[in-house]
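Enquirer:
Protein chains: 2
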Amino acid sequence: MNEGKIFVVGIGPGGREHMTGAAIEAIGRSDAVIGYKTYIELIEDMLLDKEILGYGMKREVERCRAALELAEKGRTVALVSSGDCGVYGMAGIMLEIAAESGCESDIEIVPGVPAANSAAACLGAPLMHDYATISLSDLLTDWSAIEKRLDCAAQADFVICLYNPRSHGRREHIEKARNIIMKHRAEGTPVGIVRSAMREGQFATVTTLGEMLSHDIDMLTTVIIGNSKTYASELGIITPRGYKR
Amino acid sequence: MNEGKIFVVGIGPGGREHMTGAAIEAIGRSDAVIGYKTYIELIEDMLLDKEILGYGMKREVERCRAALELAEKGRTVALVSSGDCGVYGMAGIMLEIAAESGCESDIEIVPGVPAANSAAACLGAPLMHDYATISLSDLLTDWSAIEKRLDCAAQADFVICLYNPRSHGRREHIEKARNIIMKHRAEGTPVGIVRSAMREGQFATVTTLGEMLSHDIDMLTTVIIGNSKTYASELGIITPRGYKR
Numbered sequence: 001m002n003e004g005k006i007f008v009v010g011i012g013p014g015g016r017e018h019m020t021g022a023a024i025e026a027i028g029r030s031d032a033v034i035g036y037k038t039y040i041e042l043i044e045d046m047l048l049d050k051e052i053l054g055y056g057m058k059r060e061v062e063r064c065r066a067a068l069e070l071a072e073k074g075r076t077v078a079l080v081s082s083g084d085c086g087v088y089g090m091a092g093i094m095l096e097i098a099a100e101s102g103c104e105s106d107i108e109i110v111p112g113v114p115a116a117n118s119a120a121a122c123l124g125a126p127l128m129h130d131y132a133t134i135s136l137s138d139l140l141t142d143w144s145a146i147e148k149r150l151d152c153a154a155q156a157d158f159v160i161c162l163y164n165p166r167s168h169g170r171r172e173h174i175e176k177a178r179n180i181i182m183k184h185r186a187e188g189t190p191v192g193i194v195r196s197a198m199r200e201g202q203f204a205t206v207t208t209l210g211e212m213l214s215h216d217i218d219m220l221t222t223v224i225i226g227n228s229k230t231y232a233s234e235l236g237i238i239t240p241r242g243y244k245r
Numbered sequence: 001m002n003e004g005k006i007f008v009v010g011i012g013p014g015g016r017e018h019m020t021g022a023a024i025e026a027i028g029r030s031d032a033v034i035g036y037k038t039y040i041e042l043i044e045d046m047l048l049d050k051e052i053l054g055y056g057m058k059r060e061v062e063r064c065r066a067a068l069e070l071a072e073k074g075r076t077v078a079l080v081s082s083g084d085c086g087v088y089g090m091a092g093i094m095l096e097i098a099a100e101s102g103c104e105s106d107i108e109i110v111p112g113v114p115a116a117n118s119a120a121a122c123l124g125a126p127l128m129h130d131y132a133t134i135s136l137s138d139l140l141t142d143w144s145a146i147e148k149r150l151d152c153a154a155q156a157d158f159v160i161c162l163y164n165p166r167s168h169g170r171r172e173h174i175e176k177a178r179n180i181i182m183k184h185r186a187e188g189t190p191v192g193i194v195r196s197a198m199r200e201g202q203f204a205t206v207t208t209l210g211e212m213l214s215h216d217i218d219m220l221t222t223v224i225i226g227n228s229k230t231y232a233s234e235l236g237i238i239t240p241r242g243y244k245r
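Chains as they are written, first to last, in the UniProt record's numbering: chain A, 1 to 245; chain B, 1 to 245.
Dropping the structure here:
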């Protein structure tokens, strides 16, 4: 008999007020909470009566195995991810490993506000039309596939949201990405750069495709590049949908 | 003196437990709540002491003008959108109209869990890699631009999330979209169809690109089409990121 349960929980951008009730409840119901140390720290005060398993980066497989092991013992576990756990987060790898191992525990995915959307809210309304999210990390994806996505997204006039814009501290990824996009889009296209959206240390700035590389861009940053109709107003970046036609 | 305030609030998929604390607080602090009738109904019990302005579809500009008028009288207003208000929601049009009118009221965008992400959580983990969201509604966008986006997104192997898959009840949009995507992607590609994700009447099914048109698809449906590596498992649709390399 196995009544263990795994919640994979998106905790949103970090500020407690942007967590959903379901995420708070899933953590509250869990005996153990597993996650990347930095995210565990964001919710530490919720975990006083919990077993905490904090991990370093790149140890995603280990985290999932630990969750499975605990669940097999009948315990309830929350595996936490920042933003939405279903977007470059822990949901996929957890299901992959569970499916392979013939896991019989119940697994529930609890979505959260993704990083792209909390960053967008800090900037105005840049994601109001069709958009593409692209991670510039080539740890798990060939760089050529990333270049192809950048090129196609720019060509088709998607608003583009870049995750992991400065992978392993390498500056050339964001430079190459900017140059590919600029083949299809004007220098003056508004670009929003947001670091630590909706948590301590939030910083948001509006610049242009031509100027964006003169700003600090690091691993905690999300970059949103407007489409051909996006404009910067006093109230932030706006991608119009055309209601006024 | 004008101390009015407008919150543009994403209420998430509908189930109360998937609203963020900030969204609940914004509505709680508001004197008046404005929105599409169907969404107002989802949160009716939170609005007992509020002035309620419910509108029919396609009256977005009117809703924003009503919000501005109330704020100019010093009142606090919540303009609500389902999902994330920043994704095909009210944030953009509200900022557009406010910027034009030289509005001096404070406007705050409160993000929510977008429809794509709540649908994804019902299906497993389909959005785990780069994805594009495309609305098939050609009310405000030329169909040729939509076709170009479908083609480019399919070509570059994005996971594709379709909003408004059956615009004004016309079946041909989703058929055309499917056919464009199938030029670049195998018939057996997993497709998830979710209606009323995470609210009353939720229905989710997993099918394939080849078979998807034999399922009911309407305005309340979100369709998620996997990339070339997406697979269907017993635990749902999984788009792997490659951790196991």
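Glycine included, every Cβ here is placed at the ideal spot set by N, Cα and C.
Quantities reported herein were computed from a predicted structural model and do not represent experimental measurements.
(1) Please list the residues of the stretch 27-56 of chain B that have a C-beta atom closer than 9 Å to any C-beta atom in chain A, keeping them in chain order.
(2) Excluding sequence positions up to five away, which residues of its chain have a Cβ less than 6 Å from the Cβ of B:Gly74?
(3) Tell whether a beta-carbon distance below 8 Å holds between A:Ala32 and A:Lys50.
(4) Less than 7 Å between C-beta atoms, sequence neighbours within five positions excluded: which residues of the same chain meet that for B:Arg245?
(5) Measuring alpha carbon to alpha carbon, tell me which residue in B:Val191, B:Pro13, B:Ala98 is nearest B:Glu69.
(6) Examine the Cβ distances between the stretch 113-133 of chain B and the stretch 128-137 of chain A and report whether three or more of them are shorter than 8 Å.
(7) Tell me the DSSP bridge mates of B:Ala204?
(8) Contact between the stretch 144-163 of chain B and the stretch 161-173 of chain A: three or more CB pairs below 8 Å?
(9) If we ignore side chains and look at the alpha-carbon of each, how far apart do A:Leu139 and B:Lys148 end up?
(10) I'd like to confirm the pairing. Which residues does DSSP put opposite B:Ile238 in its beta bridges?
(11) For the stretch 11-18 of chain B and the stretch 99-117 of chain B, state whether three or more C-beta atom pairs, one from each stretch, are separated by less than 8 Å.
(12) Measure the Cβ-Cβ separation of A:Ile93 and A:Glu72 and say whether it is below 8 Å.
(13) Short of 9 Å Cβ to Cβ, which residues in the stretch 103-114 of chain A face chain B?
(14) Check whether the stretch 189-196 of chain B and the stretch 209-221 of chain B are in contact - that is, three or more C-beta pairs closer than 8 Å.
(15) Please go through the same chain and pick out, in chain order, the residues whose beta-carbon is closer than 6 Å to the beta-carbon of A:Cys64, but skip the five residues on each side of it.
(16) Report the neighbours of A:Ala66 on chain B: residues whose CB is nearer than 7 Å to its CB, in chain order.
(17) By Cβ distance below 7 Å, which residues in the same chain neighbour B:Ile146 in space, the five residues on each side in sequence not counted?
(18) Could you pull out every unbroken beta strand (DSSP E) segment of at least 3 residues lying fully inside the stretch 37-118 of chain A, listed in chain order?
(19) Does the CB of A:Phe158 have a neighbour CB from chain B at under 8 Å?
(20) Nearest chain A C-beta to B:Asn117 closer than 8 Å, yes or no?
(21) For B:Pro240 and A:Gly201, what's the separation of their Cα atoms in angstroms?
(22) Looking only at its own chain, which residues have a Cβ that is under 7 Å from the Cβ of B:Cys103, when we skip the five neighbours before and after it?
(23) Cβ of B:Val159 within 8 Å of Cβ of B:Thr230?
(24) At 7 Å on the CB atoms, spell out the chain B contacts of A:Lys148, in chain order.
(25) Evaluate A:Gly236 with the Cβ neighbour count: other Cβ atoms within 10 Å of its Cβ, from every protein chain shown; 16 or more gives buried, anything less gives exposed.
(26) Assuming A:Gly10 and A:Gly89 form a contact by the criterion Cβ under 8 Å, report the distance between their Cβ atoms to the nearest whole angstrom.
(27) Quick one, which residues of the stretch 187-210 of chain B are near chain A if we go by CB-CB under 7 Å, in chain order?
(28) Run through chain B and tell me which residues come within less than 7 Å of A:Met212, C-beta to C-beta.
(29) Does DSSP put A:Leu150 in a helix, in a strand, or in coil?
(30) Along the chain, where does the alpha helix (DSSP H) that runs through A:Lys176 open and close?
(31) Which residue marks the beginning of the beta strand (DSSP E) containing A:Gly10, and which one marks its end?
(32) May I ask you to list the residues that DSSP assigns as paired with B:Gly35?
(33) Starting from B:Ile134, find everything on chain A with Cβ-Cβ shorter than 8 Å and list it in chain order.
(34) Could you list which residues in chain A have their beta carbon closer than 7 Å to that of B:Pro240, in chain order?
(35) Taking A:Asp138 as the query, report the chain B residues whose CB atoms sit under 8 Å from its CB, ordered along the chain.
(36) Just to check my reading of the structure: B:Arg166 and B:Ile217 have Cβ atoms closer than 8 Å, yes? What is that Cβ distance to the nearest angstrom?
Expert: Based on what the coordinates show:
(1) none
(2) Glu3, Gly4
(3) yes
(4) Because the pLDDT at B:Arg245 is just 45, under 50, the model does not fix this residue reliably, and the value given afterwards should be weighed accordingly. Within the same chain, B:Arg245 has no close Cβ partners at all.
(5) B:Ala98
(6) yes
(7) B:Val194
(8) no
(9) 30 Å
(10) B:Ala125, B:Tyr231
(11) yes
(12) no
(13) Cys103, Ile107, Glu108, Ile109, Val110, Pro111, Gly112, Val113, Pro114
(14) yes
(15) Ile93, Met94, Ile97
(16) Scanning chain B for C-beta atoms nearer than 7 Å to the C-beta of A:Ala66 yields nothing, as the closest lies near 15 Å away.
(17) Closer than 7 Å at the Cβ level, and outside the excluded window around B:Ile146, lie Ile134, Leu136, Asp138.
(18) 51-55, 76-81, 106-110
(19) yes
(20) Taking Cβ atoms only, chain A reaches closer than 8 Å to B:Asn117, which makes this a yes.
(21) Each residue's Cα considered, the two are about 32 Å apart.
(22) Leu68
(23) yes
(24) Ala156
(25) The residue is buried, with at least 16 neighbouring Cβ atoms inside 10 Å.
(26) Confirmed, Cβ separation roughly 6 Å.
(27) none
(28) Residues of chain B passing the Cβ test: none, with the nearest at roughly 20 Å.
(29) helix
(30) 172-182
(31) Where A:Gly10 is concerned, the enclosing beta strand (DSSP E) stretches over 5-10.
(32) B:Gly54, B:Val80
(33) Asp130
(34) Gly92, Glu96
(35) Within 8 Å Cβ-Cβ: nothing; A:Asp138 doesn't reach chain B, min ~11 Å.
(36) 5 Å
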